[in-house]
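Protein chains in written order, with our numbering: chain A, 171 to 459; chain B, 4 to 181. A virtual CB, placed ideally from N, CA and C, is assigned to each residue, including glycine. If you're wondering where the values come from, they're calculated on a predicted model, not measured in any experiment.
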Amino acid sequence: MQPHSFDYVRPQTLARAIQVLSENGNRAKVLAGGQSLIPVLKLRLANPRVLVDINDVPGLAFIEERGDQLRIGALSRHRDFEQSKLIREKYPIFSDVASVLGDPQVRNLGTIGGALAHADPASDWGTALLAFKAELTARGPNGARTIPIDRFFKDPFTTALRSSELLTEIRIPKSKAGDGGAYLKLKRKTGDFATIGVAVQLGLDAKRNVAGARVALASVGPRPIRAPGAEKALVGRKAGPTAFADAAKMASGEAHPTSDLRGSEEYKRAMIEVFTRRALETATARAGR
Amino acid sequence: MATKRKKASPKRKSVRSENGSHMITVAVNGRKFTRAVEPRVLLVDFIRDDLRLTGTHVGCDTSHCGACTVLLDGRAVKSCTMLAVQADGREITTIEGLSEHGRLHPIQEAFKAHHGLQCGFCTPGVVLAALELLRVENAPSEDRIRTAISGNICRCTGYQGIVDSVAAAGEMMRPRKG
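This is how it looks when you write it as structure tokens:
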């Protein structure tokens, strides 16, 4: 299988990358890790005239705490998260993502920014980041703007990014005492997309009551979705089996799965309930206080 | 044919020619190759068709099976899911790069000794995926081995022979004591 013909540019600066994107509009596609884009090109589902390879653009790959935020460069690879001590110790939900996404070869090349911009409804990264008040930076010809994660995903494979914009950075609030999260993915085999996935992020107070909760679901809607009812069922209650069972039931009701080769609607709903409960248990165990 | 550049510049900068091809220089198994490639050419096709190194196999051609795995700057990647132009200025190791002076690499010896292959089609990819692991960890747990080869499909061995082979290779690659 071979893609259609296209031009290929490898800008050495961010400014040049944005310039090429602006000049080409919808006819350009950004090439980051390529682990979604290249299969799409080979299947000829997309037919861009220009590929803009951003791998030489400096300053786009970093994972660091700065001020009260965790800041992530869009070109950080899944493998970088798998190997990061900071992530393992303070943001294990992202270790979860990086260890279940694709397979080792895909994780060596694929990037977080690419995964978000691709916007698959099954997106592991998209779902995990929805469990945070994440902010995304898009840079375009008129400078930078911030897009909250809740407004980033529009439809399957469609985001709030304009064709002249490049996603450059993702930020979430820095982890503090009592915070814990987890991402659990049900998949048929390594490398497969999520049959369903559940991301939860909890903030517990000193009495281990839930002060804040976000619950997000993969593969059960046109985009990664929140489960606000499940979140409400948690806040103000003791982090334990009763609240978790209620929240899991809510999440299952808030999911909109469709029957496909990965399972029936009924099965997926049942699995959302089971995985939400398990993710809440793991998140609580991690929220060491 | 102006296929030679003075030096493979470490700062990658592919040069575009008139017909849309790019001149790229790739170090494959320690040898530098400079070629003109169309941007849409996949790395695996470049390796097999342009360089005539046919040890790298095309299995599914859809990024699922791992038969086309090569090492890119030491990291296992699927060469069917990367463009040849992306490899400009970088180092590739294929299965042909493992043996030295006609002597099998320890990992190849181990696959032979421990029945790590039957038909052999998936083997080059499996070996390179495992080699990435063994270069950083020469006593990996079974779990680590199974994770490292989880992107590679084998339809013959049931994987047990492969896992045994990788563990044995790790042992062979460990520096001798004393």
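Could you list which residues in chain B have their beta carbon closer than 7 Å to that of residue i, in chain order?
i, result
"asparagine 176 of chain A", "Note that residue 176 of chain A corresponds to phenylalanine in the displayed sequence, not to asparagine. Those within 7 Å of phenylalanine 176 of chain A in chain B are Pro42, Arg43."
"asparagine 278 of chain A", "Arg78, Ala79, Val80"
"glutamine 189 of chain A", "Residues of chain B passing the Cβ test: none, with the nearest at roughly 17 Å."
By the DSSP assignment, the beta strand (DSSP E) with residue i in it spans what residues?
i, result
"proline 398 of chain A", "Counting along the chain, proline 398 of chain A falls outside any beta strand (DSSP E), though it belongs to the alpha helix (DSSP H) covering 398-404."
"glycine 350 of chain A", "349-356"
"glutamine 239 of chain A", "239-243"
"lysine 35 of chain B", "34-40"
"alanine 132 of chain B", "Alanine 132 of chain B -> not in any beta strand (DSSP E); alpha helix (DSSP H) instead, spanning 126-139."
"proline 427 of chain A", "That residue, proline 427 of chain A, is in no beta strand (DSSP E); it is neither H nor E in DSSP."
"isoleucine 366 of chain A", "366-374"
"alanine 388 of chain A", "380-388"
"aspartate 177 of chain A", "177-179"
"alanine 198 of chain A", "198-201"
"arginine 341 of chain A", "336-343"
My guess is that residue i and residue j are in contact by the Cβ rule of under 8 Å, so how many angstroms apart are they, rounded?
i, j, result
"arginine 258 of chain A", "serine 265 of chain A", "5 Å"
"alanine 90 of chain B", "leucine 101 of chain B", "About 19 Å separates the two Cβ atoms, so there is no contact after all."
"alanine 79 of chain B", "glutamate 135 of chain B", "4 Å"
"aspartate 387 of chain A", "threonine 307 of chain A", "The residue asked about is misnamed: residue 387 of chain A is leucine in this sequence, not aspartate. Contact flag wrong, Cβ pair sits at about 25 Å."
"valine 380 of chain A", "glycine 399 of chain A", "Incorrect: roughly 14 Å between the Cβ atoms, too far for contact."
"glutamine 205 of chain A", "valine 276 of chain A", "5 Å"
"isoleucine 282 of chain A", "isoleucine 340 of chain A", "7 Å"
"glycine 280 of chain A", "threonine 365 of chain A", "So it is not a contact: roughly 20 Å between Cβ atoms."
"phenylalanine 323 of chain A", "proline 394 of chain A", "6 Å"
"lysine 260 of chain A", "serine 345 of chain A", "5 Å"
"alanine 113 of chain B", "alanine 30 of chain B", "Not really, about 26 Å apart at Cβ, beyond 8 Å."
"serine 192 of chain A", "proline 311 of chain A", "5 Å"
For a contact defined as C-beta to C-beta under 8 Å, what are the partners of residue i on chain A?
i, result
"glutamine 89 of chain B", "Leu201, Gly204, Asp223, Asn225"
"glycine 23 of chain B", "Ser175, Asp177"
"alanine 39 of chain B", "What alanine 39 of chain B touches in chain A: nothing, since even the nearest Cβ is about 13 Å away."
"alanine 132 of chain B", "Pro274, Gln275"
Going along chain B, which residues have a C-beta under 8 Å from residue i?
i, result
"threonine 360 of chain A", "Ser153, Gly154"
"methionine 441 of chain A", "Going along chain B, no residue has its Cβ under 8 Å from methionine 441 of chain A, so there is no contact; the nearest lies around 22 Å."
"glutamine 172 of chain A", "Arg43, Val44, Leu45, Asp48"
Taking only heavy atoms of the ligand GTP into account, decide whether any of them is closer than 7 Å to the Cβ of residue i.
i, result
"valine 130 of chain B", "Questions concerning the ligand GTP fall outside what the structure shown contains, since it holds no ligand whatsoever."
Please report the residue range of the alpha helix (DSSP H) in which residue i lies.
i, result
"aspartate 226 of chain A", "No alpha helix (DSSP H) contains aspartate 226 of chain A, which DSSP labels as neither H nor E."
"lysine 438 of chain A", "435-456"
"methionine 175 of chain B", "163-176"
"lysine 212 of chain A", "207-212"
"alanine 241 of chain B", "Nothing about residue 241 of chain B can be reported from this structure: the residues present for chain B run from 4 to 181 only."
"alanine 151 of chain B", "145-151"
"leucine 215 of chain A", "Looking at the DSSP string, leucine 215 of chain A is not in any alpha helix (DSSP H), and its letter there is neither H nor E."
"arginine 236 of chain A", "No alpha helix (DSSP H) contains arginine 236 of chain A, which is instead part of the beta strand (DSSP E) from 233-236."
"proline 109 of chain B", "109-116"
"glutamine 172 of chain A", "No alpha helix (DSSP H) holds glutamine 172 of chain A; DSSP gives it neither H nor E."
"arginine 249 of chain A", "248-253"
"glutamine 182 of chain A", "First-last for glutamine 182 of chain A: undefined, no H or E at that position."
Starting from residue i, find everything on chain B with Cβ-Cβ shorter than 9 Å and list it in chain order.
i, result
"glutamine 253 of chain A", "Result: empty, since nearest Cβ-Cβ is about 10 Å, beyond 9 Å."
Which chain A residues are close to residue i, counting only those with a beta carbon under 7 Å from its beta carbon?
i, result
"threonine 28 of chain B", "Simply none; closest approach about 14 Å."
"threonine 84 of chain B", "Gly204, Gln205, Ile208, Pro209"
Along the segment 61-74 of chain B, where does the CB come closer than 7 Å to a CB of chain A? Name the residues.
Asp64, Thr65, Ser66, His67, Gly69, Thr72
Give, in chain order, every residue of the segment 101-117 of chain B whose Cβ lies closer than 7 Å to some Cβ of chain A.
none
Counting only runs that start and end within the segment 260-334 of chain A, where is the alpha helix (DSSP H) found for 4 or more residues in a row?
262-270, 274-279, 282-288, 294-300
Those runs of the beta strand (DSSP E) which lie wholly inside the segment 45-100 of chain B and span at least 3 residues
72-75, 78-81, 94-96
Taking a cut of 9 Å between CB atoms, which residues from the segment 267-295 of chain A lie near chain B?
Those would be Ser269, Gly272, Asp273, Pro274, Gln275, Val276, Arg277, Asn278, Leu279, in chain order.
Positions along the segment 419-435 of chain A whose CB lies within less than 9 Å of some CB in chain B:
none
Give, in chain order, every residue of the segment 140-151 of chain B whose Cβ lies closer than 9 Å to some Cβ of chain A.
Thr150, Ala151
Residues in the segment 159-181 of chain B with C-beta within 7 Å of chain A's C-beta atoms, listed in sequence order?
none
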